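In the UniProt record's numbering, the protein residues as written are 5 to 338.
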Ligand code: ATP
Ligand code: MG
Ligand code: FE
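Take a look at the structure:
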């Protein structure tokens, strides 16, 4: 089964062709980061216009790399939500037009299901499994008992992990997106600044990062007022340590409680070196749980993950009609 995937939910225009849900035939990503940098974040209007300009080029390049035509494809899968509505609609409309023109089945994919299925491009799933989703807009622990079924057992009550990284980076005057810059600085500093860890109520798998973000801002502000020198590397290391401590501890606890066979890492923050190392260390001691971490290129937004998740929907016969819309607040559990 060959599925073409399209992804335009945020600021990456992406297309990919996946064979049998597991093998990457072609994978093309056009990032708009440079265009949004000077605004310090993604500007929705600019993002939509970029997608309109890029989508056909990205698609052509994907077919070229795969050395395939539409007659070789079995279906077209596209991110239908969540995301920026103007961005989503570019991909959704392109997918609908292509499905109509080439008489191919149309599949609508949840963006976060895509992030999770990026892991299936590395290793076949073994259920039950637990996925730690850490991205620009989401921080969730998702339990899967079978393909296509997602149960959110914990989620952030305020900022997403990636959002916290980007906001803290901004207070340190680092460019957008700040995650990779904090990650790099953290490796050069020491976690010597005492910052809070939001454990929340006993037994809760929810997260909260806004208090940590405020604590970082207060620390910087106080140091400035007292004219005390404070190293950005140490701020980054302390912030990152707090984020990682909570993420890894809750993931390990949930993995044991739900007796999962695999733990997957998903989303843009999965590219974080400190987080990857901490999870690897923790799960090295738990021999009966397999940890899967995708390569960096499959952690951030791409269409290979969308085609991979779409393949499961194809096999389950879950298709969309040509009235499919974009859904900015789409729920993964439905
Ligand atoms: P969502 O997937 O929730 O809709 P999104 O698609 O915008 O949001 P992703 O593209 O999955 O988010 O991830 C982008 C986020 O990942 C940004 O917040 C970015 O700072 C963060 N990020 C990328 N690399 C790293 C890193 N090495 N360390 C920490 N954060 C990182
Ligand atoms: Mg992005
Ligand atoms: Fe994403």
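The beta carbon of each residue, even a glycine, is placed where N, CA and C say it ideally should be.
All values derive from a computational prediction rather than experimental measurement.
| Item | Value |
| --- | --- |
| Listed by chain order, which residues have C-beta atoms less than 5 Å from any heavy atom of the ligand ATP? | 14, 139, 140, 141, 142, 166, 169, 170, 181, 183, 184, 187, 271, 272, 273, 275, 276, 304, 305 |
| Residue 240 and residue 183: beta carbons closer than 8 Å? | no |
| Less than 7 Å separating the Cβ of residue 115 from some heavy atom of the ligand FE? | yes |
| From the DSSP output, read off the bridge partner residues of residue 27. | 23 |
| Measuring alpha carbon to alpha carbon, tell me which residue in 219, 191, 82 is nearest residue 312. | 82 |
| DSSP state of residue 297, grouped into three classes? | coil |
| Using only the alpha-carbon positions, how far apart do residue 42 and residue 89 sit? | 22 Å |
| Sort 18, 290, 14, 25 by Cα distance to residue 152 and report the nearest one. | 25 |
| Is the beta carbon of residue 110 sitting closer than 8 Å to the one on residue 12? | no |
| Do the CB positions of residue 199 and residue 220 come within less than 8 Å of each other? | yes |
| Quick check on residue 252: does DSSP put it in helix, strand or coil? | helix |
| What are the start and end residues of the alpha helix (DSSP H) that includes residue 69? | 48 to 70 |
| Alpha carbon to alpha carbon, what distance is there between residue 165 and residue 201? | 13 Å |
| Quick check on residue 137: buried or exposed, where buried means 16 or more other Cβ atoms within 10 Å of its Cβ? | buried |
| Whose CA, out of 228, 186, 14, lies closest to the CA of residue 34? | 14 |
| Do the region 47 to 56 and the region 67 to 79 touch if we need at least three Cβ pairs shorter than 8 Å? | no |
| May I ask whether a heavy atom of the ligand FE can be found less than 7 Å away from the beta carbon of residue 119? | yes |
| What are the uninterrupted segments assigned as alpha helix (DSSP H) that are 4 or more residues long and contained completely in the region 205 to 238, given in chain order? | 214 to 229 |
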